[in-house]
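This report concerns only the one structure given below.
Protein chains: 2
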Amino acid sequence: MEKEPLLMLPGPVPMPERVRYAMMRQAINHRGAEFGQVYADCARVLKTCFGTTNELFVISGSGTAAMEAAISNFGRDKEIACLVNGKFGERLFKIAGRYGKATEIGSSWGTPLDLAALEERLKGGAEVVTLVHNETSAGILNPAEAVGKLARKYDALFFMDGITSIGGDTVESDAWGVDVAFVGSQKCLAAPAGLSAISVSNRAWERYTKNPPYYLDLAAYRKSAGSTPMETPYTPAVPLFLALREACMIIDEEGLNNRVLRHKRLSQAVRAAAEAWGLTLFPKVDNLHRYSNTVTAITIPESVKDSDLRGTVKKMGIEMAGGQDHLKGNIFRIGNMGSVGAPEILATLAATEHALRKQGFTVKGNGLQAACEVLG
Amino acid sequence: MEKEPLLMLPGPVPMPERVRYAMMRQAINHRGAEFGQVYADCARVLKTCFGTTNELFVISGSGTAAMEAAISNFGRDKEIACLVNGKFGERLFKIAGRYGKATEIGSSWGTPLDLAALEERLKGGAEVVTLVHNETSAGILNPAEAVGKLARKYDALFFMDGITSIGGDTVESDAWGVDVAFVGSQKCLAAPAGLSAISVSNRAWERYTKNPPYYLDLAAYRKSAGSTPMETPYTPAVPLFLALREACMIIDEEGLNNRVLRHKRLSQAVRAAAEAWGLTLFPKVDNLHRYSNTVTAITIPESVKDSDLRGTVKKMGIEMAGGQDHLKGNIFRIGNMGSVGAPEILATLAATEHALRKQGFTVKGNGLQAACEVLG
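Same order as they appear, the protein sequences are chains P and R.
Its first residue numbered 96, the first sequence is counted upward by one per residue in the numbering used here.
Its first residue numbered 96, the second sequence is counted upward by one per residue in the numbering used here.
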């Protein structure tokens, strides 16, 4: 088999060997003590990544399942104010509309959210606020702390999608007043795709609404997690739990602070290269909104074609992401989530510079040198 | 690490090395051609196991997710007649109650279903019938073909839980008039836990009901499966798909007929041993209801304690299942799903006989010899 391409996407991401090899094991009984310990280990480390002491459950389903678990368990029939400045904010709004009275507080993708409009909605009776902390579709980091303050001021629940920030960026769910937060396994945690984890505050439990989907009923997860050994209500994806545990052990060994600093440094290096080349970073940031520390969205110059740019890079064994929906062809995105380090970033930047030149784009300055200055 | 125990459970089951090792791979892009081919390979082989030419989708979620997908996509607000003679029939009834007007047509666990009562419900307007084909909680194989005929006669949809029969027993979804069938990955397919697959007839699509859970909306699965490359709507559990594909290749190589015959022979051997020892098989069978070919439920004799019986066997590295809910302590169950063969069956039977003797139970005849006569 040919070597797999290097995935520099905003997920899935390359997994450390230890994580992959943890899945080789023979089946174990998911109602036994060993599995219970695996689940408990995951929950312990993930709580540190979430910045929470709340209860935390692992769902055998992707981040979208966790989104729906949040909305359907704690948002049904409620007024839900959805902050949207990218694709995943839109998805949360769509799911919110299936269960509650959802209002979109929209900004153009990758531009600052309208917190004044949010405050109006809260005054008007919104009971839940949804936010995508790190909006990968546009490469923007949204102001979770400020949103949390507003939600608390008006006694609303705050659901935060931390799918692509938790484990790679600073997240302080409890300090920020987040009631329900969730993460996906195949992003900054560098585990395989297929699991998500969700934390739930006591405030949220007090407002638990009956009749979520059976498979996503967090009351059942709570009951099973409270048993000895710790369990899931339905058969879990055991190999993925084994891999996630190994990924959590790696986070423990690196130290969460070091891990967050590494993500910040790597994304800073990508931004430094892009700016040195004379490219424009896609998001519009301000004193509250920042560039994402886990994925960089870059505007494709007029003279350059997306398919040629990424195609040339792919020929060198590296997959970058394009834009989604209306941004297709307008931006490309370089992820730096999970276990990637300077070598992967440098290879990606070198290939990108080559592709830009090949397309006739004249780079202004030395992007690789700028990146190395950040990394070195 | 000590060797994992031999799991002789009605799932999860031991996985062939090839299946486990397929998960070691580096992450691949789930929107790429390679993943699309993996999904297509799984769908092709699974359709033969289902006995269907209907569309088939793989869900990143356990069998319970597939149960809910069936009910929520095609049963919402409908009158649902649920045939129940075991734990999983009860679960389907419980889920049906969340979405439709559900009626339980109940028999004691492990006893024949009341098809006359079903016909009354169908005359009374039931629009959907649910059946667990192979009820592992009681070791009984239910008459799917007869139920399918009744459902068709009254133009009702027929949902069949084939979680523990498909891939190990004769299943002819199309010939039996099954509209929606589903299977779990960690049972007769001998793949890891965490995936399920579901087939959908055109009749079911014509009666698709809006607003299933977002994560389980099969219209979205249909759309993504129809794209090139074949995709899932949300991030799939990629390593589990890779393992399932390998498990499907093994089914192809063995041949489905051979595989079904092997399951039948192995369960027959377990029954022969139990009867030779003088034990009683738990289910009450008749000309329509049969003993399960994938798990054998045996009544524990009065003088024997469940925990001592299974505990002694477990000390020899073999895990058998106990009874669930009100059958806890009354029965024990030996699974023969997936890739197990004569060696695993013989070891389990030898350990069981030893445990019975140790408990002071006098075996009537030579169970191992009876089993060997079936297997040899």
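Glycine is no exception: its CB is placed at the ideal position from the N, C-alpha and C atoms.
Rounded to the nearest angstrom, the Cβ distance from E267(R) to G146(R) is 4 Å, consistent with a contact under 8 Å. Within 10 angstroms of the beta-carbon of R357(R) lie 16 or more other beta-carbons, which makes it buried.
Boundaries of the alpha helix (DSSP H) harbouring G243(P): 239 to 248, taken from the DSSP string. Residue state for D264(P) is assigned as strand, using DSSP reduced to three classes.
Put simply, the backbone Cα of G127(P) is about 7 Å away from that of P324(P).
Here DSSP, grouped into helix, strand and coil, assigns E222(R) to coil. In this structure, the alpha-carbon of L213(P) lies about 15 Å from that of K196(P). S155(R) is the residue among V133(R), R452(R), S155(R) whose C-alpha sits nearest the C-alpha of D312(R). Contact between D274(P) and A299(P) holds, since their C-beta atoms are separated by about 4 Å, short of 8 Å. Under the three-state reduction of DSSP output, L252(P) falls in the strand class. Between the stretch 415 to 424 of chain P and the stretch 390 to 402 of chain P there are three or more C-beta pairs closer than 8 Å, enough to call the two in contact.
A direct Cα-Cα distance of roughly 10 Å separates L374(P) from A367(P).
Annotation: the continuous beta strand (DSSP E) that includes L151(R) extends over 150 to 154.
Under the Cβ criterion of 8 Å, Q419(R) is not counted among the residues facing chain P. A residue is called buried once 16 or more other Cβ atoms fall within 10 Å of its Cβ, and H421(P), having fewer, is exposed. The closest CA to that of S402(R), considering only R385(R), G184(R), F427(R), is found on F427(R). Within the stretch 123 to 149 of chain R, the residues whose Cβ lies closer than 7 Å to any Cβ of chain P are, in chain order, I123, N124, H125.
E370(P) carries a helical assignment under DSSP once its states are collapsed to helix, strand and coil. With a 10 Å radius around the Cβ and a threshold of 16 neighbouring Cβ atoms, D381(R) comes out exposed. The DSSP-derived three-state label of C177(R) is strand. Residue-level contact by beta carbon holds for L104(R) and chain P, with a gap shorter than 8 Å. Every alpha helix (DSSP H) stretch that sits fully inside the stretch 291 to 321 of chain P and reaches 4 residues is listed by chain position as 297 to 301, 313 to 320. Annotation: Cβ neighbours of R115(P) in chain R (cutoff 9 Å, chain order): M118, M119, R120, Q121, A122, P334. Along the stretch 286 to 300 of chain R, going in chain order, the ones with a CB nearer than 8 Å to a CB of chain P are P287, A288, G289, L290. Between A369(R) and chain P, the shortest Cβ-Cβ separation is not below 8 Å. Setting aside the 5 residues that flank it on each side, S167(P) is surrounded in the same chain by Y194, P307, P308, L311, each with a C-beta closer than 7 Å to its C-beta; the list follows chain order. For M325(P), there are no C-beta contacts with chain R under 7 Å, since the nearest C-beta of that chain is about 16 Å from it.
As DSSP reads the structure, A276(R) sits in a beta bridge with M255(R), S294(R). Contact with chain P is found for A160(R), since one of that chain's Cβ atoms lies less than 8 Å from the residue's Cβ.
At least 8 Å separates the CB of G257(R) from every CB of chain P. Residue state for A285(R) is assigned as coil, using DSSP reduced to three classes. Against chain R, a Cβ distance below 9 Å from V108(P) picks out A122.
A residue is called buried once 16 or more other Cβ atoms fall within 10 Å of its Cβ, and E215(R), having fewer, is exposed.
Residues of chain R whose Cβ lies closer than 8 Å to the Cβ of T330(P) are, in chain order, G106, P107, S157, G158, T159, G279, Q281, A288, G289. When 9 Å is used as the limit between beta carbons, N306(R) is near these residues of chain P: R193, in chain order. Only K189, I190, R193 from the stretch 181 to 211 of chain R bring a Cβ to less than 8 Å from some Cβ of chain P.
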